[in-house]
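Trainee: Residue numbers (the numbering used here): -18 to 231.
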Amino acid sequence: MAEYLETETGRRIAYARIAGAGPGVVFLGGFRSDMTGTKAQYLEAWARAEGRAFLRFDYSGHGQSSGDFEAGAIGDWAADAMAAVTALTEGPQILVGSSMGGWISLLLARDMPGKVAGLVTIAAAPDFTEDSMWQGFDADQRAVLDTVGKIALPSEYGAPLVITRRLIEDGRAHLVLRDPLRLPFPVRMLQGTADADVDQGVALRLLEHVTGDNIRLTLVKGADHRFSDPACLDLIAAAIAEVTADAARA
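Here is the structure:
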(Lines of atoms letter the chains of each structure in order from A and count residues from 1; the text may use other names and numbers.)
(Lines give C-alpha, C1' and ligand atoms only; values in the text may rest on other atoms or scores of the structure.)
Protein backbone atom coordinates (compact mmCIF):
# COMPACT_ATOMS: atom_id res chain seq x y z
CA MET A 1 0.00 0.00 0.00
CA ALA A 2 1.31 3.44 -0.93
CA GLU A 3 2.35 6.07 1.58
CA TYR A 4 2.32 9.78 0.77
CA LEU A 5 4.78 12.64 0.97
CA GLU A 6 3.47 16.20 1.08
CA THR A 7 6.03 18.36 -0.70
CA GLU A 8 6.79 22.05 -0.24
CA THR A 9 5.20 22.66 -3.64
CA GLY A 10 1.89 21.31 -2.31
CA ARG A 11 1.97 18.07 -4.24
CA ARG A 12 1.09 14.71 -2.69
CA ILE A 13 3.61 12.11 -3.86
CA ALA A 14 2.77 8.42 -3.54
CA TYR A 15 5.67 6.17 -2.62
CA ALA A 16 6.66 2.76 -1.32
CA ARG A 17 9.94 2.04 0.43
CA ILE A 18 11.69 -0.68 2.34
CA ALA A 19 14.36 -0.29 4.98
CA GLY A 20 17.75 -1.85 4.54
CA ALA A 21 21.46 -1.35 4.13
CA GLY A 22 22.95 1.50 2.15
CA PRO A 23 23.57 2.78 -0.31
CA GLY A 24 19.86 2.62 -0.99
CA VAL A 25 18.37 2.23 -4.44
CA VAL A 26 15.89 4.74 -5.87
CA PHE A 27 13.88 3.86 -8.97
CA LEU A 28 12.89 6.75 -11.25
CA GLY A 29 10.21 5.75 -13.72
CA GLY A 30 9.40 6.96 -17.19
CA PHE A 31 6.97 9.33 -18.90
CA ARG A 32 3.36 8.27 -18.12
CA SER A 33 4.58 5.22 -16.16
CA ASP A 34 4.07 4.53 -12.47
CA MET A 35 5.69 2.73 -9.57
CA THR A 36 3.70 -0.49 -10.12
CA GLY A 37 5.58 -1.33 -13.33
CA THR A 38 7.58 -4.49 -13.91
CA LYS A 39 11.02 -2.96 -13.35
CA ALA A 40 10.01 -1.11 -10.17
CA GLN A 41 8.47 -4.20 -8.60
CA TYR A 42 11.31 -6.46 -9.69
CA LEU A 43 13.86 -4.12 -8.15
CA GLU A 44 11.93 -3.88 -4.91
CA ALA A 45 11.88 -7.69 -4.64
CA TRP A 46 15.60 -7.76 -5.50
CA ALA A 47 16.41 -5.13 -2.88
CA ARG A 48 14.36 -6.95 -0.26
CA ALA A 49 16.25 -10.18 -0.96
CA GLU A 50 19.57 -8.30 -0.76
CA GLY A 51 18.63 -6.45 2.42
CA ARG A 52 19.01 -3.11 0.62
CA ALA A 53 17.01 0.06 1.22
CA PHE A 54 14.75 0.84 -1.73
CA LEU A 55 12.40 3.62 -2.81
CA ARG A 56 9.93 3.85 -5.69
CA PHE A 57 7.41 6.65 -6.18
CA ASP A 58 5.02 8.30 -8.61
CA TYR A 59 5.72 11.74 -10.03
CA SER A 60 2.85 14.22 -9.71
CA GLY A 61 0.21 13.51 -12.33
CA HIS A 62 1.35 9.87 -12.48
CA GLY A 63 -0.05 6.80 -10.77
CA GLN A 64 -1.38 7.45 -7.29
CA SER A 65 0.15 10.90 -6.82
CA SER A 66 -1.83 14.13 -6.94
CA GLY A 67 -2.03 16.39 -9.95
CA ASP A 68 -3.00 16.34 -13.60
CA PHE A 69 -0.53 14.72 -15.99
CA GLU A 70 -1.17 17.25 -18.76
CA ALA A 71 -0.33 20.11 -16.41
CA GLY A 72 3.08 18.66 -15.52
CA ALA A 73 6.54 19.11 -16.99
CA ILE A 74 10.12 17.96 -16.53
CA GLY A 75 10.92 20.58 -13.90
CA ASP A 76 7.91 19.52 -11.82
CA TRP A 77 8.85 15.87 -11.96
CA ALA A 78 12.50 16.56 -11.19
CA ALA A 79 11.37 18.59 -8.17
CA ASP A 80 9.19 15.67 -7.06
CA ALA A 81 12.17 13.33 -7.34
CA MET A 82 14.45 15.67 -5.41
CA ALA A 83 11.84 16.05 -2.66
CA ALA A 84 11.39 12.27 -2.40
CA VAL A 85 15.12 11.54 -2.31
CA THR A 86 15.71 14.28 0.26
CA ALA A 87 12.86 13.34 2.58
CA LEU A 88 12.70 9.57 2.20
CA THR A 89 16.30 8.34 1.95
CA GLU A 90 19.37 8.44 4.14
CA GLY A 91 22.83 9.04 2.72
CA PRO A 92 23.95 8.73 -0.90
CA GLN A 93 21.75 6.60 -3.17
CA ILE A 94 22.08 4.52 -6.31
CA LEU A 95 19.69 6.14 -8.79
CA VAL A 96 18.08 3.85 -11.36
CA GLY A 97 16.47 5.95 -14.09
CA SER A 98 14.30 4.44 -16.80
CA SER A 99 13.60 6.42 -20.00
CA MET A 100 12.47 9.88 -18.81
CA GLY A 101 13.69 8.76 -15.39
CA GLY A 102 17.16 8.66 -16.91
CA TRP A 103 16.86 12.37 -17.69
CA ILE A 104 15.51 13.04 -14.18
CA SER A 105 18.37 11.07 -12.65
CA LEU A 106 20.90 13.18 -14.56
CA LEU A 107 19.26 16.34 -13.22
CA LEU A 108 19.53 14.96 -9.68
CA ALA A 109 23.14 13.98 -10.26
CA ARG A 110 23.88 17.52 -11.46
CA ASP A 111 21.92 19.41 -8.82
CA MET A 112 22.32 17.28 -5.69
CA PRO A 113 25.53 15.25 -6.23
CA GLY A 114 26.00 14.69 -2.52
CA LYS A 115 22.98 12.37 -2.55
CA VAL A 116 24.23 10.23 -5.44
CA ALA A 117 26.56 7.26 -4.92
CA GLY A 118 26.07 5.85 -8.41
CA LEU A 119 23.82 5.81 -11.42
CA VAL A 120 22.17 3.17 -13.59
CA THR A 121 20.18 4.29 -16.64
CA ILE A 122 17.83 2.16 -18.70
CA ALA A 123 17.03 3.50 -22.18
CA ALA A 124 17.73 6.99 -20.86
CA ALA A 125 15.91 9.75 -22.73
CA PRO A 126 17.66 13.01 -21.84
CA ASP A 127 16.30 16.15 -23.55
CA PHE A 128 13.59 14.15 -25.36
CA THR A 129 11.07 17.00 -25.30
CA GLU A 130 13.42 19.02 -27.50
CA ASP A 131 15.36 16.46 -29.53
CA SER A 132 12.57 13.95 -30.15
CA MET A 133 9.24 15.76 -29.74
CA TRP A 134 9.91 19.33 -30.89
CA GLN A 135 12.42 18.38 -33.57
CA GLY A 136 9.98 15.75 -34.85
CA PHE A 137 7.08 18.18 -35.29
CA ASP A 138 6.34 19.63 -38.71
CA ALA A 139 5.43 23.28 -39.25
CA ASP A 140 1.68 22.64 -38.89
CA GLN A 141 2.12 20.76 -35.60
CA ARG A 142 4.34 23.50 -34.22
CA ALA A 143 1.74 26.08 -35.20
CA VAL A 144 -1.02 24.13 -33.38
CA LEU A 145 1.16 23.83 -30.30
CA ASP A 146 1.87 27.55 -30.37
CA THR A 147 -1.73 28.69 -30.88
CA VAL A 148 -3.74 26.01 -29.05
CA GLY A 149 -1.15 25.20 -26.39
CA LYS A 150 -1.25 21.45 -26.87
CA ILE A 151 -1.39 18.72 -29.48
CA ALA A 152 -2.60 15.10 -29.29
CA LEU A 153 -0.45 12.40 -30.84
CA PRO A 154 -1.32 8.72 -31.38
CA SER A 155 0.37 6.37 -28.93
CA GLU A 156 0.97 2.63 -29.07
CA TYR A 157 0.62 2.57 -25.27
CA GLY A 158 -3.11 3.43 -25.25
CA ALA A 159 -4.81 6.83 -25.12
CA PRO A 160 -3.45 9.61 -27.34
CA LEU A 161 -0.41 11.38 -25.97
CA VAL A 162 -1.10 15.05 -25.28
CA ILE A 163 1.97 17.26 -25.61
CA THR A 164 1.65 20.75 -24.17
CA ARG A 165 3.53 23.91 -25.03
CA ARG A 166 4.53 24.11 -21.36
CA LEU A 167 6.12 20.65 -21.53
CA ILE A 168 8.28 21.75 -24.45
CA GLU A 169 9.20 25.15 -23.01
CA ASP A 170 9.91 23.79 -19.53
CA GLY A 171 12.00 21.01 -21.05
CA ARG A 172 14.25 23.64 -22.62
CA ALA A 173 15.02 24.96 -19.15
CA HIS A 174 16.23 21.52 -18.01
CA LEU A 175 18.34 20.22 -20.91
CA VAL A 176 21.42 18.24 -19.91
CA LEU A 177 23.15 17.56 -23.23
CA ARG A 178 24.01 21.19 -24.02
CA ASP A 179 26.39 21.98 -21.17
CA PRO A 180 29.21 19.95 -19.61
CA LEU A 181 27.96 17.24 -17.27
CA ARG A 182 30.39 15.47 -14.97
CA LEU A 183 29.33 12.26 -13.25
CA PRO A 184 31.99 11.64 -10.59
CA PHE A 185 30.70 8.23 -9.50
CA PRO A 186 30.15 4.80 -11.10
CA VAL A 187 27.68 4.91 -14.00
CA ARG A 188 26.21 2.04 -16.01
CA MET A 189 23.99 2.76 -19.00
CA LEU A 190 21.78 0.01 -20.47
CA GLN A 191 20.21 0.30 -23.91
CA GLY A 192 18.37 -2.10 -26.22
CA THR A 193 19.17 -2.08 -29.93
CA ALA A 194 15.50 -2.74 -30.81
CA ASP A 195 14.20 0.23 -28.79
CA ALA A 196 11.60 1.98 -30.98
CA ASP A 197 11.19 4.92 -28.57
CA VAL A 198 14.79 5.83 -27.73
CA ASP A 199 17.29 5.14 -30.47
CA GLN A 200 20.64 3.71 -29.43
CA GLY A 201 22.18 6.86 -30.89
CA VAL A 202 20.82 8.71 -27.84
CA ALA A 203 22.77 6.40 -25.55
CA LEU A 204 25.93 6.89 -27.60
CA ARG A 205 25.46 10.68 -27.53
CA LEU A 206 25.00 10.61 -23.75
CA LEU A 207 28.09 8.43 -23.31
CA GLU A 208 30.12 10.85 -25.43
CA HIS A 209 28.76 13.91 -23.65
CA VAL A 210 29.24 13.09 -19.97
CA THR A 211 32.60 12.96 -18.24
CA GLY A 212 33.73 10.71 -15.42
CA ASP A 213 36.24 8.01 -14.56
CA ASN A 214 33.87 5.03 -14.37
CA ILE A 215 31.18 5.15 -17.04
CA ARG A 216 30.13 2.23 -19.25
CA LEU A 217 27.40 1.62 -21.80
CA THR A 218 25.97 -1.84 -22.48
CA LEU A 219 24.03 -2.36 -25.70
CA VAL A 220 21.69 -5.36 -25.60
CA LYS A 221 20.92 -6.72 -29.04
CA GLY A 222 17.19 -7.19 -29.61
CA ALA A 223 16.03 -5.58 -26.35
CA ASP A 224 13.11 -3.16 -26.68
CA HIS A 225 12.24 0.01 -24.76
CA ARG A 226 10.51 -1.80 -21.92
CA PHE A 227 13.74 -3.65 -21.10
CA SER A 228 11.66 -5.91 -18.88
CA ASP A 229 12.20 -9.52 -19.92
CA PRO A 230 13.95 -11.74 -17.34
CA ALA A 231 17.39 -11.36 -18.93
CA CYS A 232 17.10 -7.56 -19.03
CA LEU A 233 15.87 -7.39 -15.45
CA ASP A 234 18.84 -9.47 -14.34
CA LEU A 235 21.15 -7.07 -16.22
CA ILE A 236 19.68 -4.14 -14.28
CA ALA A 237 20.28 -5.89 -10.96
CA ALA A 238 23.83 -6.81 -12.01
CA ALA A 239 24.51 -3.19 -12.99
CA ILE A 240 23.32 -1.97 -9.58
CA ALA A 241 25.53 -4.52 -7.84
CA GLU A 242 28.52 -3.46 -9.96
CA VAL A 243 27.95 0.24 -9.31
CA THR A 244 27.61 -0.47 -5.58
CA ALA A 245 30.85 -2.44 -5.47
CA ASP A 246 32.75 0.23 -7.42
CA ALA A 247 31.33 3.00 -5.23
CA ALA A 248 32.52 1.17 -2.12
CA ARG A 249 36.05 0.98 -3.54
CA ALA A 250 36.17 4.63 -4.57
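Backbone N, C-alpha and C fix where the C-beta goes; we use that ideal spot for every residue, glycine too. Just so we're clear, the structure is a prediction, and the values are computed from it rather than from any experiment.
Determine the extent of the beta strand (DSSP E) in which G139 is found, giving its start and end residues.
Mentor: Taken as a continuous stretch (DSSP letters only), the beta strand (DSSP E) holding G139 covers G139 to T145.
Trainee: With a threshold of 16 other CB atoms inside 10 Å of the CB of A226, please say whether the residue is buried or exposed.
Mentor: The residue is exposed, with fewer than 16 neighbouring Cβ atoms inside 10 Å.
Trainee: Exposed or buried, which one is Q116 when buried takes at least 16 other CB atoms within 10 Å?
Mentor: Under this definition Q116 is an exposed residue.
Trainee: Residue ranges of each beta strand (DSSP E) run of no fewer than 3 residues wholly in the segment 71 to 125, ordered along the chain?
Mentor: Runs of the beta strand (DSSP E) inside the segment 71 to 125: 74 to 79 and 97 to 103.
Trainee: Between which two residues does the alpha helix (DSSP H) carrying V66 extend?
Mentor: First-last of the alpha helix (DSSP H) with V66: I55 to L69.
Trainee: Pick from I132, M114 and D178: whose alpha carbon is nearest that of R153?
Mentor: Nearest C-alpha to R153: M114.
Trainee: Mapping the DSSP letters down to three states, classify E(-13) as helix, strand or coil.
Mentor: In the structure shown, E(-13) sits in a strand (DSSP, three-state: E or B).
Trainee: Give the secondary structure of V179 by DSSP, where H, G and I count as helix, E and B as strand, and everything else as coil.
Mentor: Reduced to three states, the DSSP call for V179 is coil.
Trainee: Please identify the residue among R(-8), F35 and A26 whose C-alpha is closest to the C-alpha of A242.
Mentor: Any question about residue 242 goes unanswered here, given that the chain covers just -18 to 231.
Trainee: Going along the chain, which residues of its own chain have a beta-carbon closer than 7 Å to the beta-carbon of L87, five neighbours each way excluded?
Mentor: If we look at L87 and ignore the five residues flanking it on each side, its Cβ neighbours are P107, V157 and L162.
Trainee: Classify L24 as helix, strand or coil using the three-state DSSP reduction.
Mentor: L24 falls in the helix class under three-state DSSP.
Trainee: Kindly indicate the opening and closing residues of the alpha helix (DSSP H) around L214.
Mentor: From DSSP, the alpha helix (DSSP H) with L214 extends over P211 to R230.
Trainee: Which residues bound the beta strand (DSSP E) around K131?
Mentor: K131 to S136 is the extent of the beta strand (DSSP E) around K131.
Trainee: Classify A154 as helix, strand or coil using the three-state DSSP reduction.
Mentor: Here A154 sits in coil by DSSP.
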